[in-house]
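Here this note's numbering = 1-based position in the sequence shown + 5. Have a look at the structure below before the remarks.
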Amino acid sequence: MIHPKLIKPKSIAVIGASNNIAKPGGKMLKNLIDNSFSGELYPVNPKEEIVQNLTAFQSVNELPLVDLAVLAIPARFCPETVSILVKEKGTRAFIIISAGFSEESKEGKIIEDQIVKTIDEVGGSLIGPNCIGIMTPFHSSVFTTPVPNLSPDGCDFISGSGATAVFIMESGIPKGLRFANVFSVGNSAQIGVEDILQYLDETFNPGTSPKVKLLYIENIDDPDKLLFHASSLIRKGCKIAAIKAGSSDAGSRAASSHTGALTSSDSAVEALFRKAGIVRCYGREELVTVANVFMCKELKNKSIAIITHAGGPGVMLTDALEDGGLKIPQIPDSPQKTALKEKLFPGSSVENPIDFLATGTAEQLGHIIDACENDFNEIDGMAVIFGSSGLFPIRDVYELLDRKMHSCKKPIYPILPSIIDVKEDVAYFLSHGNVNFPDEVLLGRALTKVIRTSGPSDGSIFMEGVQIEKIRKIIEKAPEGYQNPEVIHELFDAAGIPRVTEMVAKTEHEAVLASSNIGFPVVMKVIGPVHKTDVGGVVLNVRNIAQVQKEFHHLFGIKGTEGVLVAQMAKGNELFLGAKYEDKFGHIIVCGMGGIYVEVMKDVTSGLAPLTFEEAISMIKNLKSYKILKGYRGQPGINIHRFAEIIVRFSTLLRFAVEIKEMDINPLLGIGSDILAVDARIRIEK
C-alpha cells in the first residue's frame, strides 16, 4: 500500500503553496526548499505567478506529470483535485494536510472516502488527511518545525497525531534522540500506523535500516497486523516503544463479571503489546527516555554501577532502579577496588553508588569507568551522573565520557543535568552521536521498563492434555448465557484445569449424599444468582449433616435459586483468573490475586490468548503482589510454574471456544503446587 513515490519522489507539487509562511502551504514549501529537496518543486497558487522564488502554476491542470502531491486546500476542493492528478498527471502519492474530513462531520467522511476510492483504483498511497506530513531522507514534506537532521542511525517514528509528533521531537532532539523517518498519519483514511509498520518490516535491511521504532497510536484498527509486524521487526533485532492514548476505563463496556469490570480497551492494548514485545509508555517524556535507552548499548543483565559526583541524584536513581527490579550490587573488597580508591580524593566512596565528590576530575572518572568495565565482573552497566559544580570547566569530562561511551562494551547511561550552566558542553557531547538523560529518575524507570519487557511470543499453543474435540462438543451442546456447574466442570476437565470436587443438589437428600461423598468440611453455594456473595449465597466450613440440612433450606430460600452446589473445602492463597472477548483483539486474559486484591486494588495483568508459558510467567511476575505469591514472611506461597500452566490451559480452552465471551475463576485457592478452581462463571454467546 506504500507506493515508492511516497518515500522517494522525483517531483512534488504543493497545492495551496503560498508566499506567506504562516500558512501551512507556505511553510510546507519553505521546509522542502530549506531541506534541499533534490527533485522538481511545483507550487500551485491561482493568485500568484512566483511563490518563494519558484514559478507557480495557476491550477493543477497546468502541471506536468507529478510523483507526489501535497494538498493544503479546503476539504471541499480535494476530491476533484485528486481526481485530476490521478487521471491526468500520473500522481500516485498524496499527502493531505487539510482538516475538515471525517474528524469533523459525516459530510467530511463522505469526501474522505471518495478520495480514498480514487487513489485506491490506481494503487496509490494517501497520508492523512488532517496531518502534518512526513519526513524521509529524500524530502521533508511537513508544515511544522522542528525538522530534524534525519540520520540512518536514528529512529523511525510513526504518529497518529501531528501535534504530538512535533512535541515528541521537541522533547527528544535536545536529549540527543535522532530520527531517520517521521510519519504523521492523521485520520489514517487509507494508511494507518499498522500499514507504515508493515512497510518498515517488509523493507527492513539488517545492515542499513533503523533498529528503533517509536509509535504514538490513538486507534488500533488492525491488531493482528500490528502484532505480526511488530513481532517480526523485534525478531529481526529492532526495539519498539509505543504510547497508546485513549485507553482509559471510561472506554470499556459494562459487564456483569469481575473480568468485565477489570478488562477494557486498555487491557487489550496491554495484552497486545506484551505479546508483541513492545515497551509500553504513557507519556512523551517516557517514550523519549525509553528511545534513548534503546540507542545505548544493550544491558545484558540487571546489575548497575551508579557513578556520581552528587549524592542526591545517586540515591534517587538507586531507588528508581531497585523499585523496578534492577540491582545496585555492593562492590566486594579486592586489590582492584583498593587500587581504585587510592586514585580518588579522600572521602570518595567506592561502594555502589561510587561517589567521587563534587571536585572529581575527568581522569578519576576514567579510572572508575575502566574498573567497572574491566575489573568488577558483578557490574553489567554504568550510569554516570556528572553536572557542573560551577567550580571549574568540565569539557574534558564530557570528552572522556564520549570516548568511553564508544569504546566500552558495557552500556553507559550519561546523566548530564546541567543543561543551562554548561549547555555548550552538553551540545558538544550530543553532537558526537550521544544521548543524554537529564533526569535520573526517568532513566531509572525507563531502564527497568525495558528490562522487564519480554520478547515477542513464539505463537505456540499449549496442547498437552487438552481435549479439543471434547471441548467443541460441550460448547456446541451448551445453551447461550451463563452456564450451569455441570458444563463448567466438563470444560475444565477437558482442558486439564484442576478444580475442587463439586456436586449439584436439588433436594435435601441429594445435598446430604453429596457432602458425605465429598467429605467434610464442605462449601455450599446457590446456583442461579450471578453474584452469590451479594445475596448471602455462600456458606463456608459446613462440618456435619445437620448443618448441611439447615443451610440447604436457607440457600433454597434465596430468590432465583435453582439448586445448591456442594463443594470440597479448599484452602490457600486466593487467586483470580478471568477472560473477556474483545472485538478485533480476541480473548483478553487477566490474572492476579483474588479477594481484595482483584476487587479493590485491581492488581491484575493482562495477556492475549493463546498464551505461552513465557507470557504467563511474565504476567505473574508483573503483579504488584508477586512477592506474596512466592511466599512472604513465613507465609506459604504457590508454585509459580503451576499457576502459569493453569493460565496457559485456560487460554488454550478459549482459543478453541471463541463462543465464550466472559469467564471467571474466582477464586482459585492454592498452596504450593496444589491449586484448585473453587468458583467459576462462564457466559457463552453463539
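We put the CB at the ideal spot given by N, CA and C, even for glycine. Small disclaimer: the values here were computed from a predicted structure and weren't measured.
Check: Three-state secondary structure (DSSP) of residue 187; Outcome: strand
Check: Per-residue DSSP class, three states only, for residue 195; Outcome: coil
Check: Residue 259 versus residue 596 - alpha carbon distance; Outcome: Its pLDDT being 33, under 50, residue 259 is placed unreliably by the model, and nothing is read from it.
Check: Residue 579, DSSP secondary structure in three states; Outcome: strand
Check: Continuous beta strand (DSSP E) stretch holding residue 610: start and end; Outcome: 609-613
Check: Residue 437 to residue 214 span [Cα, whole Å]; Outcome: 20 Å
Check: Close Cβ partners of residue 672 (< 8 Å) along its chain, the five nearest in sequence each way excluded; Outcome: 579, 580, 581, 599, 600, 683 and 684
Check: Three-state secondary structure (DSSP) of residue 5; Outcome: Residue 5 is absent from the model: the chain starts at 6 and stops at 691.
Check: Pick from 390, 462, 167 and 183 that is closest to residue 448, judged by C-alpha positions; Outcome: 390
Check: Whole runs of the alpha helix (DSSP H) within the segment 345-391, excluding any shorter than 4 residues; Outcome: 367-379
Check: Boundaries of the alpha helix (DSSP H) in which residue 300 is found, first to last residue; Outcome: 289-300
Check: Three-state class that DSSP yields for residue 286 in the structure shown; Outcome: strand
Check: Local Cβ density within 10 Å of residue 72, reported as buried at 16 or more and exposed below that; Outcome: buried
Check: Bridge partner(s) assigned by DSSP for residue 62; Outcome: 49
Check: Assigned exposure category for residue 122 - 16 Cβ within 10 Å defines buried; Outcome: exposed
Check: Opening and closing residue of the beta strand (DSSP E) in which residue 431 lies; Outcome: Segment 428-436 is the alpha helix (DSSP H) holding residue 431; no beta strand (DSSP E) there.
Check: Close beta carbons around residue 278, own chain, < 6 Å, minus the five adjacent residues each side; Outcome: 285
Check: Sufficient close CB pairs (3 or more, under 8 Å) joining the segment 178-189 to the segment 77-93; Outcome: no
Check: Closest by C-alpha distance to residue 331, when choosing among 145, 454 and 558; Outcome: 454
Check: Sufficient close CB pairs (3 or more, under 8 Å) joining the segment 13-24 to the segment 43-60; Outcome: yes
Check: Cβ-based burial, residue 381 [other Cβ within 10 Å; buried from 16]; Outcome: buried
Check: Residue from 125, 35, 229 and 219 whose Cα sits closest to the Cα of residue 150; Outcome: 35
Check: Spatial neighbours of residue 94 in its chain, beta-carbon cut-off 6 Å, leaving aside the 5 residues before and after; Outcome: 68, 70 and 71
Check: Rounded Cβ spacing between residue 388 and residue 304 (contact assumed at less than 8 Å); Outcome: No, residue 388 and residue 304 are not in contact; Cβ-Cβ is about 10 Å, not under 8 Å.
Check: The segment 646-659 in contact with the segment 549-556 per 3-pair CB rule at 8 Å; Outcome: no
Check: Beta-carbon spacing of residue 136, residue 191 below 8 Å; Outcome: yes
Check: Counterpart residues of residue 419 in DSSP-defined beta bridges; Outcome: 389
Check: Identified DSSP bridge partners for residue 584; Outcome: 594 and 668
Check: 6 Å Cβ shell around residue 369 - same chain, five flanking residues per side excluded; Outcome: 349 and 361
Check: Uninterrupted alpha helix (DSSP H) stretches inside the segment 81-168 (no shorter than 4 residues); Outcome: 83-93 and 111-125
Check: Three-state class that DSSP yields for residue 677 in the structure shown; Outcome: strand
Check: Residue range of the unbroken beta strand (DSSP E) whose run includes residue 527; Outcome: 527-532
Check: Residue nearest to residue 167 in terms of C-alpha spacing, selected from 127, 223, 74 and 156; Outcome: 223
Check: Stretch-stretch touch, CB-based, cutoff 8 Å, three pairs: the segment 515-522 with the segment 487-501; Outcome: no
Check: Residue 546 in three-state terms, based on DSSP; Outcome: strand
Check: Closest residue to residue 333 among 342, 359 and 316 (Cα-Cα distance); Outcome: 359
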